[in-house]
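**Q** Before I ask anything, here is the structure I am working with.
There are 2 protein chains.
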Amino acid sequence: VAGKIDIVPLRGLPAIRPGDDLAAFIVRALRRRRLRLREDDVLVVCQKVVSKAEGRVVRLGDVRPGARARAFAERYGKDPAVVELALREAREVLRMCDGHLITATGAGWVCANSGIDRSNQNAADEVTLLPLDADASARRLRRRIRLLTGVAPAVVISDTFGRPWRLGQVDVAIGVAGMVALESWQGRRDWAGRRLEHTELAVADQVAAAAGLVAGKDAGVPAVLVRGLQPRRGRGGAAALVRPRAEDLFR
Amino acid sequence: VAGKIDIVPLRGLPAIRPGDDLAAFIVRALRRRRLRLREDDVLVVCQKVVSKAEGRVVRLGDVRPGARARAFAERYGKDPAVVELALREAREVLRMCDGHLITATGAGWVCANSGIDRSNQNAADEVTLLPLDADASARRLRRRIRLLTGVAPAVVISDTFGRPWRLGQVDVAIGVAGMVALESWQGRRDWAGRRLEHTELAVADQVAAAAGLVAGKDAGVPAVLVRGLQPRRGRGGAAALVRPRAEDLFR
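Structure below.
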């Protein structure tokens with residue numbers, strides 16, 4: 001475990017559009033703050049700007065809602081185009097009742113409305129969809145940052161999800177590159193030599209939540225530098241955080 | 252949203268025993284690091300040391316397991332005394348299958364084994380139970396810290412919980428004093444003037460998760476200073492984070 005950790009908000013990125021070089025904007029924001037990247041830094045980037053840069057943007061006027069989406073939207077006062085998109089993005093619908101639509105996305109993330117996001121868009125009727133493969137997005141961002149700076153920090157792509165049992169939303173990791181997302185403590189022992197029972201820590205989710213403390217969604221902080229964690233290097237991505245359906249007691 | 256946030260581990264607390272003045276130990280650890288408390292700091296304290304100081308410690312040898320606990324423990328190779336305690340601490344059993352025992356505690360926290368903790372205990376057959384009212388524990392700690400230092404930071408009591416749908420554990424808040432645990436964004440608007448759809452942020456859970464990054468459980472870091480967040484002042488405690496049973500889609 002490292003010493004002190006710093007959570008540094010990166011401000012002043014422009015409105016991101018499809019095809020933009022997001023990594024270059026982040027590198028510029030770091031330079032403005034006179035921060036020199038280190039290999040053991042973690043850059044946390046909000047899903048919304050990643051989706052925009054990747055063109056995962058849809059105009060609601062272009063969507064033709066089907067009967068199921070229309071019926072649900074009408075009953076609960078929702079936008080039928082948003083419901084339609086959420087159903088299309090879902091590989092499984094967990095709950096569709098009382099105005100709630102909880103799905104598992106293609107990548108396996110369980111969240112409301114398949115992660116479709118209406119706030120802080122570039123146009124009033126635009127929404128973002130989650131990146132198709134946010135682990136690949138994180139790897140691409142990391143490669144591009146290395147190309148621009150010579151340094152390859154870990155990259156975490158975060159999104160804001162609700163949870164069952166607890167009120168309020170927290171930021172979690174949906175894409176990870178250059179660090180271990182799920183740290184195994186198998187075999188570690190406590191101070192009495194007793195084997196630890198809790199054997200897996202969702203480090204990438206805790207990094208995302210920490211970044212969420214400075215990345216309030218109306219504050220224009222689409223990226224956050226986490227320094228001092230010195231994360232464990234490794235592959236596997238955020239996919240390691242998806243609980244396999246067969247092991248899930250709450251579906 | 253504040254600027255940079257610092258997450259500072261506080262080390263070197265002694266093994267905590269029932270009746271110990273935990274606040275005094277934390278204040279001493281702060282002084283050793285030459286940290287002067289501020290009113291807008293947050294002190295995150297692990298449940299385990301709070302439970303120990305409050306005497307929420309049980310020797311497994313003193314527990315007589317009932318038939319239900321014995322049957323479950325035998326079938327899945329668990330300790331029957333731990334299962335018995337978990338059942339006694341539960342106000343509701345959500346799942347009891349495949350070796351998993353997921354309960355809601357008296358305070359409403361949904362977690363494995365009612366939060367009973369076997370690691371890092373002072374004796375091999377001891378376990379801690381969750382504080383009966385961790386919000387009250389947080390308020391007591393805060394009052395005592397104010398008495399010792401003249402300063403009343405916010406206090407968060409954290410524990411390490413698993414989640415459905417996602418693998419790995421994260422730290423969450425089970426007790427809060429001196430700050431708003433669940434921040435409402437009702438009425439706030441995004442940069443386009445659009446009303447935000449996500450209206451509640453579980454700030455105290457994000458603070459706990461951030462502290463969890465430095466408070467690895469084998470590292471002897473029972474308390475963490477979070478500086479720079481400048482949390483919103485208010486009452487309500489961590490109880491505000493309990494999702495009412497009737498609104499929960501996943502029980």
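Respectively, the protein sequence lines represent chains A and B.
Take 1 as the starting number for the first sequence in this note's numbering and just add one per residue.
Take 252 as the starting number for the second sequence in this note's numbering and just add one per residue.
A virtual CB, placed ideally from N, CA and C, is assigned to each residue, including glycine.
1. For the beta strand (DSSP E) that contains isoleucine 7 (chain A), what are its first and last residues?
2. Roughly how many whole angstroms lie between the Cα atoms of alanine 15 (chain A) and alanine 337 (chain B)?
3. Closest to valine 406 (chain B) by CA distance: which of B:Ala274, B:Cys362 and B:Val493 is it?
4. Would you kindly work out how many angstroms separate the C-alpha atoms of threonine 199 (chain A) and glutamine 186 (chain A), rounded to a whole number?
5. Have a look at lysine 217 (chain A) and aspartate 349 (chain B) and give me their C-alpha separation to the nearest angstrom.
6. Please tell me whether valine 475 (chain B) and valine 465 (chain B) are closer than 8 Å, where the distance is taken between their beta carbons.
7. State the DSSP-derived secondary structure class of phenylalanine 250 (chain A), mapped to helix, strand or coil.
8. Hey, is proline 9 (chain A)'s beta-carbon within less than 8 Å of any beta-carbon in chain B?
9. Under a three-way DSSP split, which group does lysine 217 (chain A) fall into?
10. For asparagine 113 (chain A), which residues in the same chain have their Cβ closer than 6 Å to its Cβ, ignoring the five residues on either side in sequence?
11. Isoleucine 353 (chain B) touches chain A at which residues, Cβ-Cβ below 9 Å?
12. Which residues, in order along the region 121-149 of chain A, keep a beta-carbon less than 9 Å from a beta-carbon of chain B?
13. Isoleucine 116 (chain A) and glutamate 74 (chain A) - do their beta-carbons sit closer together than 8 Å?
14. Is the distance from the Cβ of aspartate 257 (chain B) to the Cβ of glutamine 481 (chain B) below 8 Å?
15. Can you name the residues of chain A whose CB is closer than 9 Å to the CB of proline 269 (chain B)?
16. Might you give, ordered along the chain, the residues of its own chain that have their beta carbon closer than 8 Å to the beta carbon of glycine 339 (chain A), omitting 5 neighbours on each side?
17. Could you give the DSSP three-state label for valine 83 (chain A): helix, strand or coil?
18. Within a Cβ cutoff of 6 Å, which residues of the same chain sit near arginine 118 (chain A), ignoring the five residues on either side of it in sequence?
19. Measuring only the C-alpha atoms, how far is glycine 463 (chain B) from proline 9 (chain A)?
20. Spell out a yes or no on whether the region 426-433 of chain B and the region 478-493 of chain B are touching, meaning 3 or more CB-CB pairs, one atom from each, closer than 8 Å.
21. From the DSSP output, in three-state form, read off glutamate 305 (chain B) for me.
22. Look at arginine 149 (chain A) and valine 27 (chain A) and say whether their C-beta atoms are less than 8 Å apart.
23. Taking Cβ-Cβ distances below 9 Å as the criterion, which residues of the region 325-346 of chain B are in contact with chain A?
24. So isoleucine 267 (chain B) is in the beta strand (DSSP E); what residue range does that whole segment cover?
25. By how many angstroms is the C-alpha of alanine 461 (chain B) removed from the C-alpha of alanine 280 (chain B)?
26. Compare the C-alpha of aspartate 133 (chain A) against each of A:Leu43, A:Val203 and A:Ser51 and name the closest.
27. Could you check where the alpha helix (DSSP H) with aspartate 205 (chain A) kicks off and where it finishes?
28. What residues of chain B sit near glutamine 206 (chain A), judged by a beta carbon separation below 8 Å?
**A** Considering the structure as presented:
1. 5-10
2. Distance between the alpha carbons of alanine 15 (chain A) and alanine 337 (chain B) is about 51 Å.
3. B:Ala274
4. 5 Å
5. Confidence is the limiting factor: at lysine 217 (chain A) the pLDDT is only 49, short of 50, which leaves the residue's position unreliable and the question unanswerable from this model.
6. yes
7. Coil.
8. Taking Cβ atoms only, chain B reaches closer than 8 Å to proline 9 (chain A), which makes this a yes.
9. Model confidence at lysine 217 (chain A) stands at a pLDDT of 49, short of 50, so the residue's coordinates are unreliable; what they give is reported in the following sentence. Three-state result, lysine 217 (chain A): coil.
10. Ala86 and Leu101
11. Leu249 and Phe250
12. Gln121, Asn122, Ala123 and Ala124
13. no
14. no
15. Under the 9 Å cutoff, chain A gives no residues; its nearest Cβ is about 18 Å from proline 269 (chain B).
16. Residue 339 (chain A) falls outside the range modelled here, since chain A spans only 1 to 251, and no answer is possible.
17. helix
18. Val127
19. Rounded to the nearest angstrom, the two C-alpha atoms are 19 Å apart.
20. yes
21. In this structure, glutamate 305 (chain B) counts as coil in the three-state DSSP scheme.
22. Contrary to the premise, residue 149 (chain A) reads as threonine rather than arginine in this sequence. Going by C-beta atoms, threonine 149 (chain A) is nearer than 8 Å to valine 27 (chain A).
23. Interface annotation for the region 325-346 of chain B against chain A: Leu345 and Arg346, criterion Cβ-Cβ distance under 9 Å.
24. No beta strand (DSSP E) holds isoleucine 267 (chain B); DSSP gives it neither H nor E.
25. Between the alpha carbons of alanine 280 (chain B) and alanine 461 (chain B) lies a distance of about 19 Å.
26. Cα-wise, what sits closest to aspartate 133 (chain A) is A:Ser51.
27. Unbroken alpha helix (DSSP H) run through aspartate 205 (chain A): 203-212.
28. Val421, Asp422, Ala460, Ala461, Gly463 and Leu464
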